[in-house]
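Below you'll find the structure, written out as C-alpha cells, and then a few comments.
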Ligand code: SF4
Ligand code: SF4
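In the numbering used here, the protein residues as written are 450 to 801.
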C-alpha cells in the first residue's frame with residue numbers, strides 16, 4: 450500500500466519536473482526569439498534605408514517574418530513565465546509592463562528614431578505593437594485568474610494559519626457561530642467555556658478594541674479555569690476586563706495582528722470590501738462610460754497617429770468603436786485586478 454502511494458508520488462513528481470522543464474524551455478526559447486525579433490525590428494527602424502523601392506520591399510518581407518517570430522516568442526514568454534512563476538505577486542505586473550512597452554513602442558520609438566519615416570518604419574512599429582497585443586492577451590487572463598484564485602482563497606481561509614502566532618493550533622468551536630462582521634464572541638474561535646467566564650463577552654465589548662482577550666491575556670483564561678463569576682451586568686463586567694500596563698499600545702496591536710480571532714474579523718472585512726470594490730468599478734464604468742471612451746479613443750488615436758505618421762492622410766485609420774470598447778474593458782479589468790491586490794495587502798498584510 451505504502452509502496453503504491455510512494456510510486457504514485459514519484460510519478461507525479463516526475464510529471465511535475467517534466468512540466469517544469471518544458472515550461473523553462475518554452476520561456477527561454479520565447480525570450481530568445483523575442484529579443485532577436487525586437488532587435489531586428491528596431492534595427493529595421495533605425496538602419497534599413499527606405500529610399501530604394503527594392504530594398505523597402507525586402508525589408509517589408511523581413512518585417513513580416515520578424516513579426517511572426519515576435520508573436521511566437523512573446524506567447525512563449527507569457528505561457529512559460531505564467532506556469533513557472535504562478536502565484537508570484539510580480540508576475541502579472543511584469544508581463545503587463547512588457548506588453549505595454551511593446552504595445553506603446555510607436556509612441557516613444559519615433560522620438561528615439563529622430564523623425565525617420567517610411568513604410569518600413571511604420572510596419573516595424575506595428576509589428577512591435579502586435580507583439581504587445583499577443584503578450585497582453587496571455588497576461589490579462591493569467592492576471593484575472595490569479596486574482597480570482599487568491600480572492601477565493603482569502604474568502605475561504607483569510608490568513609493562512611501558519612502565519613499566525615496567537616491561537617496557532619486553536620480549532621474552531623464545533624458549536625460555532627460566525628456572525629458577519631460580528632464581535633469577538635460571535636466568531637468561531639470564541640470557546641464556550643472561556644466565554645461564559647469572560648468579561649469581554651458579558652460587557653458586550655470586543656477584545657481587539659480592548660486589546661485584551663482570551664488568546665493573549667492569561668488572566669482571561671485563568672478566570673475561566675477558576676470558574677470565577679462575572680457579573681451579568683455589562684457595566685460591572687466591563688470593570689473586570691484585565692488591564693495590561695506592561696505592553697505598549699503598538700505591542701498590543703501587533704499581537705492582535707497575529708491572532709486568529711482578529712484575522713477572522715479581517716476576513717469578514719475582506720468579504721465586505723470585495724463586492725464594494727467590484728460595485729464601484731461597475732458604477733464608474735456605467736456612469737463615466739462616455740468620458741472614459743473619449744479618453745481611451747484619444748489614447749488609441751495617439752498610438753495610431755504615431756504608427757501612421759509616415760503616411761498621415763493615407764493609411765491613418767479611425768480605430769473601430771468595438772476595439773476602443775475592448776481596450777477600455779481591458780484597462781478596467783487590469784485596474785480591478787490590481788485594486789484587489791491592494792485590498793488584499795491592506796487587509797491581510799497591513800491589517801488595517
Ligand atoms: S475574549 Fe475570547 S472568550 Fe472572551 S468573548 Fe472574546 S473571543 Fe470570546
Ligand atoms: S490578541 Fe487581540 S484579537 Fe486576539 S484575543 Fe487578544 S485582544 Fe483579542
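We treat Cβ as the ideally placed atom computed from N, Cα and C, and that holds for glycine.
Going by beta carbon distance, what residues of the same chain come within less than 8 Å of residue i, once the five residues before and after it are set aside?
i	result
residue 751	556
residue 789	596, 599, 600, 723 and 726
residue 593	782 and 786
residue 487	519, 551, 577 and 580
residue 537	none
residue 482	518, 519, 521, 522 and 525
Leaving aside the five residues before and after residue i along the sequence, list all residues of the same chain whose C-beta is less than 7 Å from its C-beta, in chain order.
i	result
residue 588	527, 541, 544, 545 and 548
residue 705	657, 660 and 711
residue 800	706 and 715
residue 686	648, 651, 652, 679 and 680
Report buried or exposed for residue i, applying the criterion of at least 16 other Cβ atoms within 10 angstroms of its Cβ.
i	result
residue 793	buried
residue 798	exposed
residue 760	With a pLDDT of 46 at residue 760, under the threshold of 50, the modelled position of that residue is not reliable, and no figure is offered here.
residue 529	buried
residue 651	buried
residue 465	exposed
residue 494	buried
residue 728	exposed
residue 639	buried
residue 666	buried
residue 791	exposed
residue 689	buried
residue 784	exposed
Would residue i pass as a contact of residue j if the rule is Cβ separation under 8 Å?
i	j	result
residue 478	residue 531	no
residue 664	residue 709	yes
residue 657	residue 717	no
residue 569	residue 512	yes
residue 644	residue 634	yes
residue 749	residue 733	no
residue 515	residue 484	no
residue 523	residue 584	yes
residue 777	residue 742	yes
residue 472	residue 533	yes
residue 586	residue 721	no
For a test of the three-state rule: what should DSSP assign to residue i, helix, strand or coil?
i	result
residue 708	strand
residue 724	helix
residue 638	coil
residue 671	helix
residue 523	helix
residue 795	helix
residue 694	coil
residue 653	coil
residue 644	helix
residue 715	helix
Closest Cβ-Cβ distance between residue i and chain B: below 8 Å?
i	result
residue 794	In the structure shown, chain B does not exist; there is a single protein chain.
Near ligand 3, which residues have their beta-carbon less than 6 Å from any of its heavy atoms, given in chain order?
The model depicted lacks ligand 3 and carries ligand 1 and ligand 2 instead.
Identify every run of the alpha helix (DSSP H) within the stretch 542-566, keeping only runs that are complete inside it and at least 4 residues long; order them along the chain.
For the stretch 542-566, whole alpha helix (DSSP H) runs of length 4 or above, ordered along the chain, are 554-562.
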